[in-house]
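**Student:**
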Amino acid sequence: MRSKSIVISGMVLGLATVGYSQVDVVSVASESGLDILFGGEVEMEFVDVEGPGGFTNQDLTYQKVKTRSPHMRIDKAILSARANYSENLFYKIEFRFGDNKAFVDKHYAQLKLPSINTEVEIGKNKPFMRTKRRTEGYPLIGTAFWKGREYHIASKTELTLSDQIEIEGGLSFNMKRPLGSDDAAEDKSFKMIVYDDYDNKDGQTFEYGSTLTLKAFGLSAQGWYYTGELIDDFDWKTQLSQTLAGYDDMGDRSDRTHWWYGGRGGFDRFGIHIRGEYISAQDGLLPRDGYYVEGSYSLETENFLPVQAVEPLFRYGTLNLRRHPPLLGETESWDRTMTTVALLTRVNDYLTVKLEYYLLDEATGGDPPEDDHVKDNQLLLQVKYEF
Numbered sequence: 063m064r065s066k067s068i069v070i071s072g073m074v075l076g077l078a079t080v081g082y083s084q085v086d087v088v089s090v091a092s093e094s095g096l097d098i099l100f101g102g103e104v105e106m107e108f109v110d111v112e113g114p115g116g117f118t119n120q121d122l123t124y125q126k127v128k129t130r131s132p133h134m135r136i137d138k139a140i141l142s143a144r145a146n147y148s149e150n151l152f153y154k155i156e157f158r159f160g161d162n163k164a165f166v167d168k169h170y171a172q173l174k175l176p177s178i179n180t181e182v183e184i185g186k187n188k189p190f191m192r193t194k195r196r197t198e199g200y201p202l203i204g205t206a207f208w209k210g211r212e213y214h215i216a217s218k219t220e221l222t223l224s225d226q227i228e229i230e231g232g233l234s235f236n237m238k239r240p241l242g243s244d245d246a247a248e249d250k251s252f253k254m255i256v257y258d259d260y261d262n263k264d265g266q267t268f269e270y271g272s273t274l275t276l277k278a279f280g281l282s283a284q285g286w287y288y289t290g291e292l293i294d295d296f297d298w299k300t301q302l303s304q305t306l307a308g309y310d311d312m313g314d315r316s317d318r319t320h321w322w323y324g325g326r327g328g329f330d331r332f333g334i335h336i337r338g339e340y341i342s343a344q345d346g347l348l349p350r351d352g353y354y355v356e357g358s359y360s361l362e363t364e365n366f367l368p369v370q371a372v373e374p375l376f377r378y379g380t381l382n383l384r385r386h387p388p389l390l391g392e393t394e395s396w397d398r399t400m401t402t403v404a405l406l407t408r409v410n411d412y413l414t415v416k417l418e419y420y421l422l423d424e425a426t427g428g429d430p431p432e433d434d435h436v437k438d439n440q441l442l443l444q445v446k447y448e449f
């Protein structure tokens, strides 16, 4: 199946947050005298899944599709506020709105300790080993492992050896995110197993993580390891045993083993961007692994085009479930590969246009062999405003 997703994304307010690319737009003083910054963003989408819609064209045993008819939606609208308590302490909160729901997406306090070159973050955010993606679409293992939000206490300590060499270490204690499902890209047809956004679960468990990063002369290398236990009994019973046929035959279904580790290396200098990442995980009886490699080159074009720069990007990645065969009716069991071809155009400091094409190959376990793979290609066009 092929699908096309065209996204026009307008950022109506800029986020005021450290580590994000949005700009500050509104600053006011509260009644107590605190400096408060407001910001936000909006993404509006048009999605067209190839093929006719309507009940008679649905095959629910094969395609778990929300809707195959062309439709538009607000993918997300975010309103954020940041209160600066001092030069080294702030609190940030983001409210996220969609067509059908509204919720607090992120909120955290960040404390800087300059004397020991350390930052401490407490609250709900992405895992501290996350990286900033250049495209709108995440790599497959990014969606599966570090896209979801968690409650954590995380620290980062930097040691500068010279102007060109830096070592960074981090520690994390967090509430384990429940196993869930998410989309590989913009199309909502075929879900895959992910570490989901944190949600209150009975039998909640904890997770412990550490990371080490080396940066030198534009090169970077990072490794991390997380360990803990599956949420009892939501993860192993509901999300694994009841979702994956044949899971109980693999061993003791109540096995609560949980760990994941990975590494990331890259080079960023002279307009060149190269990155590779690998992650391996064990959840109960289910091992998974995947990787991606990507490269891009930012070409300054102000001398011959009315834009600041264009950046072509190529990425190839996989996500595999080992010891469990792909099953036609269970999209969470499929192995996947995704190739991303993108052209990122920075018109000026506040306007970026992204053209991205995703080539998805998903192994379904279908029979006859021609049904064994789904080609779920998608096209995305995004206009990003910052002000």
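Numbering (our numbering), first residue to last: 63 to 449.
We treat Cβ as the ideally placed atom computed from N, Cα and C, and that holds for glycine.
#1: Tell me the residue span of the beta strand (DSSP E) that contains A425.
#2: Drop a sphere of 10 angstroms on the beta-carbon of L221, count the other beta-carbons inside from all chains shown, and report buried for 16 or more, exposed for fewer.
#3: Pop quiz: M237 and D244 are said to be a contact at Cβ under 8 Å. What is the actual Cβ separation, rounded to whole angstroms?
#4: Are there three or more Cβ pairs, one per stretch, closer than 8 Å when the region 266-281 is compared with the region 355-366?
#5: Can you tell me which of the three DSSP states L302 falls into?
#6: Comparing C-alpha positions only, which one of D249, L241 and S282 sits nearest to Q226?
#7: For Q440, count neighbouring C-beta atoms within 10 Å of its own C-beta (all shown protein chains included) and say buried if the count is 16 or more, exposed if not.
#8: According to DSSP, what are the bridge partners of G95?
#9: Distance, Cα to Cα, I215 vs A91?
#10: Quick check on K163: buried or exposed, where buried means 16 or more other Cβ atoms within 10 Å of its Cβ?
#11: Under 8 Å: do the region 139-159 and the region 93-109 share three or more Cβ pairs, one atom per stretch?
#12: Indicate the three-state DSSP secondary structure (helix, strand or coil) for P322 in the structure shown.
#13: Out of E181, G325 and V372, state which residue places its alpha-carbon closest to the alpha-carbon of M191.
#14: I'd like the ranges of any beta strand (DSSP E) spanning at least 3 consecutive residues and lying wholly in the region 226-300.
#15: Just reading off the beta strand (DSSP E) that N410 is part of, what are its end residues?
#16: Contact between the region 300-318 and the region 332-341: three or more CB pairs below 8 Å?
#17: Looking at chain B, is there any beta carbon in it that lies within less than 8 Å of the beta carbon of R384?
#18: For D264, does the count of other Cβ atoms within 10 angstroms reach 16, so buried, or fall short, so exposed?
#19: Please report how far the alpha carbon of P388 lies from the alpha carbon of N410, in whole angstroms.
#20: Using 8 Å for Cβ pairs, my map puts L421 next to A404. What's the rounded Cβ distance?
#21: Here's the rule: buried if 16 or more other CB atoms are within 10 angstroms of the residue's CB, otherwise exposed. What is L367?
**Tutor:** Inspection of the coordinates gives the following:
#1: L413 to A425
#2: exposed
#3: The Cβ separation is near 19 Å, so there is no contact.
#4: no
#5: helix
#6: S282
#7: buried
#8: Answer is none; G95 lacks a bridge partner.
#9: 28 Å
#10: exposed
#11: yes
#12: Residue 322 is actually Trp in this sequence, not Pro. Here W322 sits in strand by DSSP.
#13: G325
#14: 227-237, 241-245, 253-257, 268-278 and 281-291
#15: D397 to N410
#16: no
#17: Structure shown: chain B not included; a single protein chain is present.
#18: exposed
#19: 46 Å
#20: That belief does not hold up - the Cβ atoms of L421 and A404 are roughly 12 Å apart, past 8 Å.
#21: exposed
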